[in-house]
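Data block below; observations after.
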Amino acid sequence: MRLFLLTIMNGFTLAALYFLVASGFTLVFGLMRNVNLAHGSLYLLGAYIGYDAADVTGSWFVGVAAGFLSMAAAGLLLQIGIFRRMEGQELRQTLVTIGISIVLADLMLAIWGGKTYQFETPDWLYGAIRLPLVRAYPIYRLALLGTAIVIGIALWLFLNRTRVGMMIRAGVDDRAMLQASGVNTQRIFAITFALGAGLAGFAGVVGGTALSIAPGEDVRYLLASLVVVIVGGMGSVTGAAIGALLIGLAETIGLAYSPTYGVVYTFLIMVAVLAIRPQGLMGRPA
Amino acid sequence: MTAAAATPTPSLALRLGLTPRHLVTAAALIAYPLLASPFWTVQIGAQILFLGVIALSLMFLAGYGGMVSLSQMTVAGCAGYMIAVIGVNSAHLGLDWPWWAAIPLAIAIAVILALLIGVISVRTGGIYTIMITLAIGVAFFYFTRQNYAIFNGHSGFAGLEPPVLLGINWRDPLPFYYLSLAVAVLSYAAVLYVSRSTFGIALQAIRDNPRRMNALGFHVNLHRVAAHGFAGFIAALGGILYVWLNGRVSPGTIDIGPVINILVIAVLGGMRHPIGPFIGALLFVLLRNFAIDLIDPERFNTLIGLTFLIIVLISPDGLLGLWEKARGWARSGGAAAGWRQKQG
Chain G
5 MRLFLLTIMN
15 GFTLAALYFL
25 VASGFTLVFG
35 LMRNVNLAHG
45 SLYLLGAYIG
55 YDAADVTGSW
65 FVGVAAGFLS
75 MAAAGLLLQI
85 GIFRRMEGQE
95 LRQTLVTIGI
105 SIVLADLMLA
115 IWGGKTYQFE
125 TPDWLYGAIR
135 LPLVRAYPIY
145 RLALLGTAIV
155 IGIALWLFLN
165 RTRVGMMIRA
175 GVDDRAMLQA
185 SGVNTQRIFA
195 ITFALGAGLA
205 GFAGVVGGTA
215 LSIAPGEDVR
225 YLLASLVVVI
235 VGGMGSVTGA
245 AIGALLIGLA
255 ETIGLAYSPT
265 YGVVYTFLIM
275 VAVLAIRPQG
285 LMGRPA
Chain P
99 MTAAAATPTP
109 SLALRLGLTP
119 RHLVTAAALI
129 AYPLLASPFW
139 TVQIGAQILF
149 LGVIALSLMF
159 LAGYGGMVSL
169 SQMTVAGCAG
179 YMIAVIGVNS
189 AHLGLDWPWW
199 AAIPLAIAIA
209 VILALLIGVI
219 SVRTGGIYTI
229 MITLAIGVAF
239 FYFTRQNYAI
249 FNGHSGFAGL
259 EPPVLLGINW
269 RDPLPFYYLS
279 LAVAVLSYAA
289 VLYVSRSTFG
299 IALQAIRDNP
309 RRMNALGFHV
319 NLHRVAAHGF
329 AGFIAALGGI
339 LYVWLNGRVS
349 PGTIDIGPVI
359 NILVIAVLGG
369 MRHPIGPFIG
379 ALLFVLLRNF
389 AIDLIDPERF
399 NTLIGLTFLI
409 IVLISPDGLL
419 GLWEKARGWA
429 RSGGAAAGWR
439 QKQG
């Protein structure tokens with residue numbers, strides 16, 4: 005019973021992390037049809053930069069801010085410098101993101117090496133808290149879960165209650181119509197891309213603190229983002245939350261109860277969703 | 099053309115559509131290992147040929163079917179793994195079946211995997227295909243790494259080699275090169291043949307307009323799945339050569355790096371014609387082996403990534419596209435007449 009509850013709790017916190025990474029991915033994909041396969045690299049790069057910033061200043065919060073801001077700037081640069089020039093050419097954009105991820109992964113290896121880095125959390129987030137049934141649980145992981153929920157609600161409010169959010173949603177549904185009604189779509193694209201990339205960098209620092217940062221983590225979070233978006237449906241933040249929850253739980257339950265077949269569960273969920281709803285659980289048919 | 103007019107009955111070569119260009123290439127490919135050192139024969143020559151074969155399977159799917167599948171290395175790796183599991187490996191962890199049973203069975207299993215990937219991925223189209231096949235490829239990588247019952251986890255299998263047949267050790271540089279050459283030429287010819295068959299024409303029509311083909315009564319998804327199966331067969335051939343040369347197969351064989359490399363090779367060469375992947379493999383293998391002279395060998399990935407980016411940005415059709423452009427330019431004698439050339 006205790007193992008089961010612990011597994012579920014770990015599943016929730018992993019899902020929280022996946023949601024943070026994948027929500028940016030799904031927004032960018034839904035709005036611009038740009039499958040950013042460098043999203044995992046942005047996660048890892050944000051984590052490394054956040055680590056260095058935290059190391060220099062001694063403040064974990066500066067690290068978090070650095071992770072978010074540096075990747076938001078990188079995203080802005082990518083959108084304005086590259087993707088804007090090849091709008092509507094989905095395949096070419098995707099190929100470019102692959103090229104970027106190859107170069108980024110190699111450069112990160114050159115700069116930060118193959119070591120594993122571990123953040124130092126602020127004291128009040130360190131240690132375990134006593135909970136009924138599961139006994140002790142790390143405070144940080146609960147804080148991570150809380151952060152993801154707060155960000156999820158904030159994103160939902162941003163998309164559903166603000167003008168820019170309304171434009172983004174309109175763009176996901178019909179980009180041409182949005183453009184025709186006089187909206188500066190380039191600005192919307194830039195905002196979305198910066199937000200999505202920034203969330204990846206933010207998740208890098210926050211996730212790197214919960215687990216660790218090392219080469220190869222980029223692939224792991226890219227896979228998670230891909231599956232979450234395929235399962236949840238593109239452009240839907242709610243879908244990303246549902247997808248992240250399913251995948252996070254499947255992964256931890258798989259690891260706990262059948263360690264050598266863990267990935268199969270993730271895969272089966274994806275196949276099942278594709279068989280029943282090819283557009284994803286919350287996606288709309290194209 | 100002129101040769102046909104001179105001789106009363108066209109020769110076999112002409113009936114097969116062979117031109118002097120093909121014969122020169124064939125002669126060069128056959129003579130190559132007689133002039134080159136064993137390193138150049140195997141590590142460069144054979145490597146180019148079978149990487150080209152695996153990329154050729156992607157070219158077939160993407161060029162004729164409009165489906166950019168990132169799981170071709172996964173299918174190739176599956177065939178390699180099956181050779182190890184069904185056949186003989188150094189740890190004797192497999193079934194130890196003889197080669198004549200292991201090879202067909204390994205290919206068959208890889209084709210089944212390719213068909214399954216097809217069934218899963220054709221439910222959605224376009225850009226989703228890349229995402230789904232990449233997810234499948236990465237998931238398969240993690241699966242082989244954590245599964246010890248079938249795939250022997252992290253370490254994989256070693257001691258894989260081609261059988262000694264007809265008194266020839268096919269592992270030796272010369273026989274292995276010719277074996278790879280034969281597989282490459284046959285795969286190339288098969289792709290060309292299929293692309294001109296009824297099935298291939300239908301596939302290309304589906305790529306251009308699936309709705310219309312559906313309305314005409316073609317089973318669109320069945321064609322796409324069959325294309326995955328055929329491409330899987332070719333990838334499996336390349337995959338078996340791959341593990342024979344390396345002598346081992348492990349999760350690293352199908353890690354995201356190799357998976358992406360196949361796409362890089364196909365895109366570098368160009369996906370309009372089956373020769374593209376081989377040109378891409380030539381550039382890729384040469385860059386990988388001689389990056390040491392250009393930059394720090396550790397930074398090969400940066401070099402290949404930048405090369406890839408430049409090609410994608412300046413020539414969407416790869417080196418083949420550049421070649422076509424250059425030829426059109428040279429023939430027309432400048433940019434001014436360039437557009438007329440295109441019309442004609």
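For the protein sequence lines, the chains are G and P, in the order given.
In terms of our numbering, the first sequence has 247 at position 243, counting the first letter as 1, and numbering is strictly consecutive.
In terms of our numbering, the second sequence has 113 at position 15, counting the first letter as 1, and numbering is strictly consecutive.
Ideal Cβ placement from N, Cα and C applies to all residues, glycine included.
Between isoleucine 352 of chain P and glycine 216 of chain P, the CB-CB gap reaches or exceeds 7 Å.
Burial of glycine 236 of chain G is indicated by the presence of at least 16 other C-beta atoms within 10 angstroms of its C-beta. The C-alpha of glycine 54 of chain G is placed about 10 Å away from the C-alpha of leucine 48 of chain G.
Within chain G, the residues placing a beta-carbon under 9 Å from that of alanine 237 of chain P are Leu227, Val231, Val267, Val268, Thr270, Phe271 and Met274, ordered along the chain. Rounded to whole angstroms, the separation of the alpha carbons of proline 219 of chain G and isoleucine 115 of chain G is 11 Å. Under the Cβ criterion (8 Å, minimum of three pairs), the region 246 to 257 of chain P counts as touching the region 348 to 364 of chain P. With a threshold of 7 Å between beta carbons, arginine 221 of chain P makes contact with chain G. For leucine 161 of chain G, the enclosing alpha helix (DSSP H) covers residues 143 to 165. Contact note: proline 282 of chain G reaches chain P through Arg221 and Thr222, using a C-beta cutoff of 7 Å and chain order.
Burial check for arginine 145 of chain G: the Cβ neighbour count within 10 Å reaches 16 or more, so the residue is buried. By the C-beta density criterion, glycine 131 of chain G is exposed, having fewer than 16 other C-beta atoms within 10 angstroms. Counting along the chain, the unbroken alpha helix (DSSP H) around glycine 50 of chain G starts and ends at 43 to 61.
Listed along the chain, the chain G residues whose CB falls inside 7 Å of the CB of phenylalanine 241 of chain P are Val267 and Val268. Take the alpha-carbon of isoleucine 142 of chain P and the one of leucine 384 of chain P: they are about 7 Å apart.
With a minimum length of 4 residues, the unbroken runs of alpha helix (DSSP H) contained wholly in the region 213 to 248 of chain P fall at 225 to 244. Residues Ile172, Gly175, Val176, Arg179, Ile192, Phe193, Thr196 and Gly239 of the same chain have their beta carbon placed closer than 8 Å to that of leucine 35 of chain G, with the five preceding and five following residues left out of the count. DSSP, reduced to helix, strand and coil, places valine 166 of chain P outside both helices and strands of the structure shown, so it counts as coil. Around the C-beta of leucine 226 of chain G, 16 or more other C-beta atoms lie within 10 Å, and the residue is accordingly described as buried. From the listed residues P:Gly416, P:Tyr340 and P:Leu407, the smallest Cα separation to leucine 147 of chain P is found for P:Tyr340. Inter-residue distance for serine 285 of chain P and threonine 17 of chain G is about 49 Å (C-alpha atoms, whole angstroms). Counting only residues of its own chain and dropping the five nearest sequence neighbours on each side, glycine 235 of chain P has a CB closer than 6 Å to the CB of Leu168, Ser169, Thr172 and Val357.
Asparagine 359 of chain P carries a helical assignment under DSSP once its states are collapsed to helix, strand and coil. G:Ile246 is the residue among G:Val275, G:Gly266 and G:Ile246 whose C-alpha sits nearest the C-alpha of threonine 30 of chain G. Of all residues in the region 364 to 379 of chain P, only Val365 come within less than 7 Å of chain G when Cβ atoms are compared, listed by chain position. By the beta-carbon neighbour count (other beta carbons within 10 angstroms, threshold 16), valine 122 of chain P is exposed. For serine 74 of chain G, the closest alpha carbon among the candidates G:Ala207, G:Thr213 and G:Leu259 is that of G:Ala207. With 16 or more other Cβ atoms inside 10 Å of its own Cβ, phenylalanine 33 of chain G counts as buried. Here DSSP, grouped into helix, strand and coil, assigns alanine 134 of chain P to coil. Residue pairing by DSSP places phenylalanine 255 of chain P opposite P:Val347 in a beta bridge.
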